[in-house]
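Report on one structure; see the data block that follows.
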């Protein structure tokens, strides 16, 4: 068994916890308030935007045969952003001027810090765990979502075959990287797999609860300085 | 008025919110449960450890005349770690094997991501805001803390004159960096000042509440894989 | 006048020196030995490969509206690599197992170090200067190259309209970045423009002279350890 | 036998080539023109200055038990700079306004690019190889240098016991890092060891020859834009 499947087994309680998150089940069953889903959309749009710089650092450290696939993944992210924009317009929501919640901001920092500070196999672990989490999470939603739901295009994107093939490719490559790594690096990769799962759960949880910044009332944190 | 004072004025509501956090007032008044303070000690120990890599990246981007002061600040961090260890021993607490909470982990990621991804003046803003926040916060605690409190050495460290002089030096340098920056970079510096303040508040809040990882029960997240 | 044109004026002696390099004139006039051109092809292939990680770091620091163009530029680099491979095959040369000369290795390090260590506008200056140097250099070659030359596709690639449009776009963006920068950052951008030009000249010079590593005989440096 | 000694054995021809470089032998025998030695002093001063940022990035990626030693090494670099300044004054030379030659600039880029882009064990290899090269090179000079030579303090610094102990410590740690690494990473470490040796030779060679930038006459490259 490869490294990826090993981790999923070690973390199975955490992974199942993630896959049974009320946000996912509520989306699947159509019981989640529309505003709650829109909050996820807005925050995840910020997250997908921020994933492009993450892929940039990966690209800067990747072995030559990973450069093409990573470039194509950046292309796919641009398409994902267009999907968010199209869906937002379709349901009359706005993605403009959204301020990141604590959890959204923190997860983005985790991506960037890992990509810059850690080795390529360690950063790649975070990439795989995050993509795998999305694939599995949206497959949960797919099992029961009303086909006429406005959120169906998200399901089709992340639970679909093309994304599944991409996740399978990432798994193969992650397994090879883990195989080539020494035991200490592999232990750090495991820990990053676990942390990524915790960040994924925190993200669904923030989408559900609307949690902002701990200790700060909404009127205080929801004011972003204008950025260049 | 320089950039630093400007920001403190713009953010005065947030800053006052931070300085009146129940964790600080409870520590000052001796009403904070010992376990709560120990939780802060353990998490902040992890944070100070992680600040050394942050200073490393700053050092790698600093103008030549900042290199010496930054090296000395790293030296001061090693001494802070020794202070934590000495205090922990004095009160019979342990700093070993502590697992970072979400907020602690997130704040560390914010430091590292900013240092690597952003310009030196932007990263320096985070440095200043965090050090200034500590200086001001512990000055709040000093006003009323029982002199025989076991936490007095922390007060003396961060509310004291030496640290105050260091913060004043950082302010002068930050003002010069902001003066030399263009308006867009200065706007990004402002936003990072605000975000650092939000992270500071979140940290005090986590220390008080004992919040772990959103959506994950304690038995799930408090298991760290062994790291190399 | 914008920043880019300013620099070209300040550096006009250096720039003209570059554009009248014997390698370029010899290629144009058909007097350059075939082996000399092949040496350039092999070393520049390594350089283009290494430019992808450089773009990766740029992508990680870019403002949002630069992300798409930078992604497209990475795509163009993949096509450039294919052009090298196609040309190498057409003329019966090999691009496999080439060991970088000192100058090739050094220039790549300069790209990577600048991208990681410096601000985005500074790294962008190196990008512009290198692309502009190639556009102008190959326009020199175009003026007189035998249309049946096997090197014509390189001329068409870098001296052509599409590449010219890309360089013009980079110039517009560089000017905006310089305009938004403070005077100290702008001075660092100028210095990087100058250094990039020196590296460009050094590259043509190495292609012409076949210079390896200073102080090391060819039999010593031309053995690369096998890399992963 | 550990990794470090292995590399020295594999590279013994290159290493001996370095240790018998005319610059070292001429310095030892007192036959090297004073101006030539001063050129080395000026360029190496720039190099030592630039090594501080290199240590900064190492510090940002180091395992916790390496942080203290790396901080102390930064302290030692500050002292080395003072040694250069003291020696320069003693012999009436200036270290001000020196412009880096191609080789000096390139070697610095190699340090920074490696530290940022590569894994910690890979960057550590460059650190060890460079320090070991200095220790061994100055031991060559020590065997025969007139004790009243103004360059004796450099010999005492790098050929001395304290520095020898530091290099021995680095060797132990490098061996442990290599032992923990997988075979592919170890192969990349080997290649970086070889490259560092080539850069070291190139540096002595530039000091001896006074080589500036390839293809650019001295009047052209020796003008540095004023930097911030």
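Chains as they are written, first to last, in our numbering: chain A, 73 to 300; chain B, 73 to 300; chain C, 73 to 300; chain D, 73 to 300. Every residue gets a Cβ at the ideal spot worked out from N, C-alpha and C, and that includes glycine.
Query	Result
Taking the alpha-carbon positions, what's the residue 132(D) to residue 102(A) distance?	47 Å
Can you list, in chain order, the residues of its chain whose CB lies under 6 Å from that of residue 205(A), leaving out five sequence neighbours each side?	272
Would you say residue 167(C) and residue 174(C) are within 8 Å of each other, going by their C-beta atoms?	no
Determine the contact status of residue 264(B) and residue 197(B), defining contact as a CB-CB distance below 8 Å.	yes
Inspect the beta-carbon positions of residue 145(B) and residue 127(B) and report whether they are closer than 8 Å.	yes
Using only the alpha-carbon positions, how far apart do residue 125(B) and residue 234(C) sit?	44 Å
Closest Cβ-Cβ distance between residue 97(D) and chain C: below 8 Å?	no
Only counting runs of 4 or more residues, tell me where the alpha helix (DSSP H) segments fall wholly within the segment 255-283 of chain A, in order along the chain.	255-281
Would you identify the three-state DSSP class for residue 223(A), choosing helix, strand or coil?	coil
May I ask which residues mark the beginning and end of the alpha helix (DSSP H) holding residue 216(D)?	Careful: residue 216(D) lies outside any alpha helix (DSSP H) and carries neither H nor E.
Under 9 Å, CB to CB, which of the residues in the segment 116-135 of chain C have a partner in chain A?	121, 124, 125, 126, 127, 128, 129, 130, 131, 132, 133, 134 and 135
Check whether the segment 283-297 of chain C and the segment 217-237 of chain C touch, using three or more Cβ-Cβ pairs below 8 Å as the test.	no
Are residue 87(B) and residue 269(B) touching if we call contact CB-CB under 8 Å?	yes
Mapping the DSSP letters down to three states, classify residue 112(A) as helix, strand or coil.	helix
Please confirm if residue 139(B) has its CB atom under 8 Å from at least one CB of chain D.	yes
Let's see if you can read the secondary structure: which residues bound the alpha helix (DSSP H) around residue 191(B)?	It is not in any alpha helix (DSSP H) - residue 191(B) carries neither H nor E in the DSSP assignment.
Strictly under 8 Å for the Cβ-Cβ distance: is residue 74(B) near chain C by that measure?	no
Where does the unbroken alpha helix (DSSP H) through residue 141(C) begin, and where does it stop?	136-162
Using the three-state DSSP reduction, which class does residue 288(B) fall into: helix, strand or coil?	strand
State the CB to CB distance for the pair residue 123(A) and residue 183(A), rounded to an integer number of angstroms; the pair is presumed to be in contact (CB under 8 Å).	7 Å
Of all the CB atoms in chain C, is at least one closer than 8 Å to the CB of residue 256(B)?	yes
Go ahead and label residue 218(D) buried or exposed: buried means 16 or more other beta carbons lie within 10 angstroms of its beta carbon, across all protein chains shown.	exposed
Which residues of the segment 168-200 of chain D have a Cβ closer than 7 Å to any Cβ of chain A? Give them in chain order.	189 and 191
Does residue 86(B) come within less than 8 Å of chain A when only Cβ atoms are used?	yes
For residue 129(B), name the three-state secondary structure that DSSP assigns.	helix
Hey, does residue 202(A) have any beta-carbon neighbour from chain B nearer than 8 Å?	no
How long is the line joining the alpha carbons of residue 214(D) and residue 73(C), rounded to whole angstroms?	57 Å
At the 8 Å Cβ level, is residue 147(C) part of the contact set with chain A, yes or no?	yes
Can you tell me the Cα-Cα spacing of residue 165(A) and residue 253(C), whole angstroms?	36 Å
Can you find a CB in chain C that lies within less than 8 Å of the CB of residue 220(A)?	no
Residue 188(A) and residue 188(B) - do their beta-carbons sit closer together than 8 Å?	yes
From residue 152(B) to residue 285(A), what distance separates their C-alpha atoms?	28 Å
In chain B, which residues lie less than 9 Å from residue 307(A) when you measure between Cβ atoms?	Since the first residue of chain A shown is 73 and the last is 300, residue 307(A) is not available in this structure.
Would you say residue 237(D) and residue 111(D) are within 8 Å of each other, going by their C-beta atoms?	no
Give me the chain D residues within the contact set of residue 259(A), using Cβ-Cβ distance strictly less than 9 Å, ordered along the chain.	Within 9 Å Cβ-Cβ: nothing; residue 259(A) doesn't reach chain D, min ~10 Å.
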